[in-house]
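Residue numbers (the working numbering), protein chains in the order written: chain A, 930 to 1194; chain B, 1084 to 1314.
Heads up: the structure comes next, in structure tokens.
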Amino acid sequence: MHPSAFMSTMSTDLASLALSVSMAAAAGLIGSFAIMRRMVLAADPMSHVALPGIGVALLLHRSPLLGALAMLLFGAVLIWAIERRSRISTEAIIGVTFSVALAVGSTITSGEDLIDALLGTPGALPPWESALGMLGPLAVIGFVLSSRHRLVISLVSREIAMTSGIAVARTELYFLLAFALTIGLGLRYLGVLLMGSLIIIPAAIARRFARSLNGMLWIAVGTAVSAALAGTSCAMLTGQHSGPWIVMIAGGLFFVSLLKPAADR
Amino acid sequence: MIHALEVRNLTVRLGGTEILRDLTFSVPRQTSLAIIGPNGAGKTVLLKALIGALPYTGHIRWAPDTILGYVPQKLDIERDLPLNGHDFLRAKASLTKGGPAEIGQAVRSVGMDPAVLRTPIGSMSGGQFQRLLIAFALLGRPNVLLLDEPAAGVDAPGHAQLSEEVRALQSGGMTVLLVSHDLSVVYRYADCVLCLGRQGFWIGPPRTLLTPQMLSEVYGAPIGFHVHDVH
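And the structure:
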């Protein structure tokens, strides 16, 4: 291989690795709060809300990532608004929204494009997608770390949060937007079917062992990043999609974690 | 404003049902108001309306310098929630710019063993968790404390100790609004009692209001209570 070609491949691989790691860290953090808010299972259906956006973007010959992000962020605001109006649980509203989105998405997305959307697209990314892939997770990480105290109080009691001066509705909207952004960015690299798993599995492992908030966040991020590093490396070696590898490794870690008793409470 | 709170013509409807109707009362600063009444009379609804968590008609006016501390009725916390007492108090302290010293003071003032703060909040006993909630409410130096059955789920000695601690807070200059089913505690500690009944509401000093005849009217059944000796 020519040295310049080798360097180019190396830099692509490193960029891909950096993207996976930042995405995994964001997924671990957002998943920790999602599991504590009893909405972790919503990650999977929520990811399907992106499908109509991907379909429309492909029809218009635009980036599927932009279509997915636009639809997910719109979906997050819609879910938040319905929840405020109806007081139906977030999970139930996401369930309804996801079913409709999946139905709409399947009529306008098909074939190979759908497979790519479901499993993620490997290979080199345009510079703006790489930049977005790095900045998006950093924004999510920044939000979770700076808002963790508000999120903690809100999940214990809305009324306590209100009397503590927290704008509960706004905090919930920002959380849903960060949740949607994490899923949207992950779709491009992991795929619709797999992004939800990276949010659920590390948080599920962390919840078994953590006895404090910091413990929860560290274990979830550590697990997600380890799975991303190992999965991306396996994908590079085999030339396959990284998404399935990352999720298989995260799933393996979950089953290994079952061998150790959960934290004594 | 000489009162900590003024309420006029307060009406709260939930799901088409009128829970509170045309309620008017005021609470002078640095006094304690006990809110009593049978189940379903709207005691918790009143507190939630006062903190702005429920829609209402009428007027609720807090003194401009009011800083609220709120202790809700027993919360249903998942046992395996990975949050311990430290996490919970630090979260509030970070909002009120309080430090470890303020947390330590709040914990001491409710008679809580600091070692308990390492326990996940879902695994705390009823008494430990109630104390934690009160310590949480005290962070940020509130001047009004709203307590919704703070001794629910607490054993008898813990109950008496909590009552003494609440009394000490009020003596320190706090205005206290307390929902309670324990009429002996109300009789002993409250400056004023608001009785919410199905037929209306009554307000006045405990000695005037907590009579067998009045209690029978409020609760719809004969009610007796024991007045503990005051030490």
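Cβ atoms here follow ideal geometry from the backbone N, Cα and C, with glycine treated the same way.
Check: Expected contact under 8 Å - CB spacing of ILE1082(A) and PRO1155(B) to nearest Å; Outcome: Going by Cβ atoms, the distance from ILE1082(A) to PRO1155(B) rounds to 12 Å, so no, they are not a contact pair.
Check: According to DSSP, residues forming a beta bridge with PHE1284(B); Outcome: LEU1279(B)
Check: Where the region 1076–1101 of chain A meets chain D: residues whose CB sits under 8 Å from a CB there; Outcome: Looking for chain D here will not work: the only protein chains present are A and B.
Check: Residues from the region 1156–1178 of chain B in contact with chain A, defined by Cβ distance under 9 Å; Outcome: LEU1158, ILE1160, GLU1161, ARG1162, ASP1163, LEU1164, PRO1165, LEU1166, ASN1167, HIS1169, ASP1170, PHE1171, ARG1173, ALA1174, LYS1175, ALA1176, SER1177 and LEU1178
Check: Candidates THR1202(B), LEU1279(B) and GLY1287(B): closest to THR1114(B) by CA position; Outcome: GLY1287(B)
Check: Exposure label - ILE1085(B); buried when at least 16 CB within 10 Å; Outcome: exposed
Check: Distance between LEU1146(A) and VAL1154(A) (C-alpha atoms, nearest Å); Outcome: 12 Å
Check: Segments of 4+ residues assigned as alpha helix (DSSP H) that fall wholly inside the region 1056–1120 of chain A; Outcome: 1056–1085, 1087–1092 and 1097–1118
Check: One or two residues paired with VAL1090(B) in a DSSP bridge; Outcome: PHE1108(B) and ILE1143(B)
Check: 9 Å Cβ cut-off: residues of chain A touching TYR1153(B); Outcome: SER1086, GLU1088, ILE1089, MET1091, THR1092 and SER1093
Check: Reference CYS1275(B); option with closest CA among GLN1282(B), LEU1266(B) and GLY1283(B); Outcome: LEU1266(B)
Check: Classification of THR1202(B) by the beta-carbon crowding that lies within 10 angstroms, buried from 16 upward; Outcome: buried
Check: Nearest neighbour of ALA1087(B), chosen from ILE1204(B), PRO1138(B) and LEU1229(B) [CA to CA]; Outcome: LEU1229(B)
Check: GLY1135(B): contacting residues in chain A (beta-carbon distance under 9 Å); Outcome: MET1091 and THR1092
Check: Nearest to TYR1103(A) (by Cα), restricted to the options ILE1128(A), LEU1119(A) and SER1075(A); Outcome: SER1075(A)
Check: Sheet register partners of ARG1096(B) (DSSP bridge); Outcome: GLU1101(B)
Check: Interface partners of GLY1144(A) on chain B, CB under 7 Å; Outcome: PRO1165
Check: Beta-carbon proximity of GLY1062(A) to LEU1114(A), cut-off 9 Å; Outcome: yes
Check: Alpha carbon of GLY1241(B) to alpha carbon of GLY1144(A), nearest angstrom; Outcome: 31 Å
Check: Buried/exposed call for PHE1072(A), threshold 16 Cβ in 10 Å; Outcome: buried
Check: Beta carbon of GLY1034(A) nearer than 9 Å to that of PRO993(A); Outcome: no
Check: Under 8 Å by beta carbon: chain B residues contacting MET965(A); Outcome: LEU1164, PRO1165 and LEU1166
Check: Cβ contact (3+ pairs, closer than 8 Å) linking the region 1184–1194 of chain B and the region 1116–1129 of chain B; Outcome: no
Check: Sheet register partners of LEU1230(B) (DSSP bridge); Outcome: VAL1154(B) and LEU1261(B)
Check: Run of the alpha helix (DSSP H) containing ALA1184(B), from where it starts to where it stops; Outcome: 1183–1192
Check: Closer than 7 Å at the beta carbon, the chain A residues around PRO1147(B); Outcome: Within chain A, no residue comes near PRO1147(B); the closest Cβ sits about 15 Å away, beyond 7 Å.
Check: Residue-level contact to chain B via CB, SER1162(A), 9 Å cutoff; Outcome: no
Check: Which of helix, strand or coil DSSP assigns to LEU1266(B); Outcome: helix
Check: THR1167(A), buried or exposed, once every other Cβ within 10 Å from all chains shown has been counted against 16; Outcome: exposed
Check: Partners in chain A for LYS1131(B), counting only beta-carbon separations shorter than 7 Å; Outcome: GLU1088
Check: For ILE1085(B), the first and last residue of its enclosing beta strand (DSSP E); Outcome: Run containing ILE1085(B): none; DSSP gives neither H nor E here.
Check: Closer than 7 Å at the beta carbon, the chain A residues around PRO1233(B); Outcome: Residues of chain A passing the Cβ test: none, with the nearest at roughly 13 Å.
Check: Alpha helix (DSSP H) runs wholly inside the region 950–1028 of chain A, at least 4 long, in chain order; Outcome: 972–977, 979–988 and 993–1015
Check: Option nearest PHE1108(B) by Cα separation, candidates SER1177(B), ASP1163(B), ASP1231(B) and HIS1142(B); Outcome: HIS1142(B)
Check: Span separating the alpha-carbon of VAL1313(B) from that of TYR1270(B); Outcome: Confidence in VAL1313(B) is poor, its pLDDT being 44 and thus under 50, which makes the residue's placement unreliable; the coordinate value appears in the next sentence. When rounded, the distance between both Cα atoms is 11 Å.
Check: Same chain, Cβ closer than 7 Å to ASN1092(B), five either side skipped, listed in chain order; Outcome: ASP1105, THR1107, GLY1141 and HIS1142
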